[in-house]
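Scroll down for the structure; my scribbles are underneath it.
In this note's numbering, the protein residues as written are 559 to 823.
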């Protein structure tokens with residue numbers, strides 16, 4: 559049984575339908591990456607999967623139950639979401655931020671436990687943030703700040719992690735650093751990871767499962783080499799390209815064809 563799936567959902571903002579009659583099953587223990595043109599509904603779909611947005615039609619199912627019938631804290635123990643460009647309160651330290659991930663496990667009579675401390679310290683180690691835990695979040699570099707937020711989601715200790723553009727505004731070196739971290743979490747701890755990415759070649763490199771969205775629905779999905787073709791890129795993004803083999807990762811590499819002189823096509 560798939561842990562997280564959407565069944566025949568419609569998503570809209572007012573009268574503007576963003577997603578229509580969409581079905582998706584998130585492969586457990588894999589990295590799923592949502593791609594599509596700007597405004598295609600990738601982030602909207604991610605919000606719905608995280609229960610931050612209720613479908614006009616259809617349902618989101620988590621472990622066989624409607625996610626909207628489950629208590630909020632129960633959902634928060636099963637999946638976590640990192641939105642795009644989150645902002646921490648001014649003066650908050652990394653340690654204070656990461657502690658927020660333990661909120662679902664605290665009650666009126668149990669505010670902080672040894673398990674909470676253990677999971678926070680583990681998240682700080684996994685993200686390489688131990689030495690920075692007393693720094694304020696707003697004093698960190700972009701890559702460090704993103705690792706701090708990821709540490710918070712790890713402290714939440716969910717099997718499924720949803721991330722909306724986790725590499726936004728980062729330079730290439732920091733993008734690869736963050737994606738390597740997520741890849742290690744997936745491979746070493748079998749976390750199910752779902753994320754939205756704009757950079758196609760990074761998406762193809764890190765994804766086990768690609769979902770391409772166009773015209774309010776899924777245009778193609780599957781393993782990168784099964785779905786990444788010049789036709790897919792042209793139809794989803796309106797861009798001509800060649801698909802070659804990435805010599806580093808042995809994954810598809812998209813080479814755009816623009817107006818500059820093209821050789822040996």
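Where is the CB? At the ideal position from N, CA and C, for every residue including glycine.
Discussion item. Rounded to whole angstroms, what is the Cα-Cα separation between residue 797 and residue 814?
Written reply: Taking the straight line from one Cα to the other gives about 7 Å.
Discussion item. On the DSSP letters alone, give me the boundaries of the beta strand (DSSP E) that residue 791 sits inside.
Written reply: Where residue 791 is concerned, there is no enclosing beta strand (DSSP E), although the alpha helix (DSSP H) it sits in stretches over 788 to 795.
Practice prompt. Rank 755, 801, 805, 803 by C-alpha distance to the C-alpha of residue 594 and give the top, closest one.
Written response: 755
Fill in: Element boundaries [beta strand (DSSP E), containing residue 594]
589 to 594
Worksheet entry | Simplified DSSP state of residue 718, which is helix, strand or coil | strand
Practice prompt. Work out the CA separation of residue 574 and residue 602 for me, nearest whole Å.
Written response: 12 Å
Fill in: Unbroken stretches of the beta strand (DSSP E), 3 residues or longer, contained in the region 574 to 640
574 to 583, 589 to 594, 615 to 620, 637 to 640
Discussion item. Could you tell me the alpha carbon to alpha carbon distance between residue 637 and residue 749, rounded to whole angstroms?
Written reply: If you take the alpha carbons of residue 637 and residue 749, they lie about 10 Å apart.
Discussion item. I'd like the list of long-range same chain contacts for residue 559, defined as Cβ closer than 7 Å, with 5 residues on each side in sequence excluded.
Written reply: With a pLDDT of 44 at residue 559, under the threshold of 50, the modelled position of this residue cannot be trusted; read the value that follows with caution. Excluding positions up to five away in sequence, the list reads 622.
Worksheet item: For residue 722, is the classification buried or exposed, using 16 other Cβ atoms within 10 angstroms of its Cβ as the cut-off for buried?
Response: buried
Fill in: Own chain residues within Cβ distance below 7 Å of residue 686, not counting five before or after
705
Practice prompt. Might you give, ordered along the chain, the residues of its own chain that have their beta carbon closer than 7 Å to the beta carbon of residue 630, omitting 5 neighbours on each side?
Written response: none
Practice prompt. If I'm right that residue 600 touches residue 771 with Cβ under 8 Å, what's the distance once you round it to whole angstroms?
Written response: 6 Å
Worksheet item: Between residue 720 and residue 753, is the Cβ-Cβ spacing less than 9 Å?
Response: yes
Discussion item. Looking only at its chain, what residues have a beta carbon closer than 6 Å to the beta carbon of residue 743, apart from the 5 residues adjacent to it on each side?
Written reply: If we look at residue 743 and ignore the five residues flanking it on each side, its Cβ neighbours are 749.
Fill in: 6 Å CB neighbourhood of residue 608 in its chain, flanking five on each side removed
639, 720
Worksheet item: Can you name, in chain order, every residue of its own chain whose Cβ lies under 6 Å from the Cβ of residue 692, other than the five neighbours on each side?
Response: Close CB contacts of residue 692 within its chain, under the 6 Å cut and outside five residues either way in sequence, are with 651 (chain order).
Worksheet item: Enumerated in chain order, which unbroken segments of the beta strand (DSSP E) with a length of 3 residues or greater are wholly contained in the region 648 to 688?
Response: none
Worksheet entry | Assigned secondary structure, residue 765 (DSSP; H/G/I helix, E/B strand, else coil) | Looking at residue 765 - three-state DSSP - the assignment turns out to be coil, as it is neither helix nor strand.
Worksheet item: Do the region 577 to 595 and the region 759 to 770 make contact, defined as three or more Cβ pairs closer than 8 Å?
Response: Under the Cβ criterion (8 Å, minimum of three pairs), the region 577 to 595 counts as touching the region 759 to 770.
Worksheet item: Could you check where the beta strand (DSSP E) with residue 802 kicks off and where it finishes?
Response: 799 to 803
Practice prompt. Check whether the Cβ atoms of residue 835 and residue 610 sit closer than 9 Å, and answer yes or no.
Written response: For residue 835 there is no data in the structure shown, the boundaries of the chain being 559 and 823.
Worksheet item: Where residue 758 and residue 668 are concerned, what is the direct C-alpha to C-alpha distance, given to the nearest angstrom?
Response: 45 Å
Worksheet item: Would DSSP call residue 644 helix, strand or coil?
Response: coil
Item to complete: Report the rounded CA-to-CA distance for residue 781 versus residue 802, giving the unit in angstroms.
Response: 16 Å
Worksheet item: Measuring CB to CB, does residue 800 end up less than 9 Å from residue 714?
Response: Against a cut-off of 9 Å, the Cβ pair of residue 714 and residue 800 comes out as no contact.
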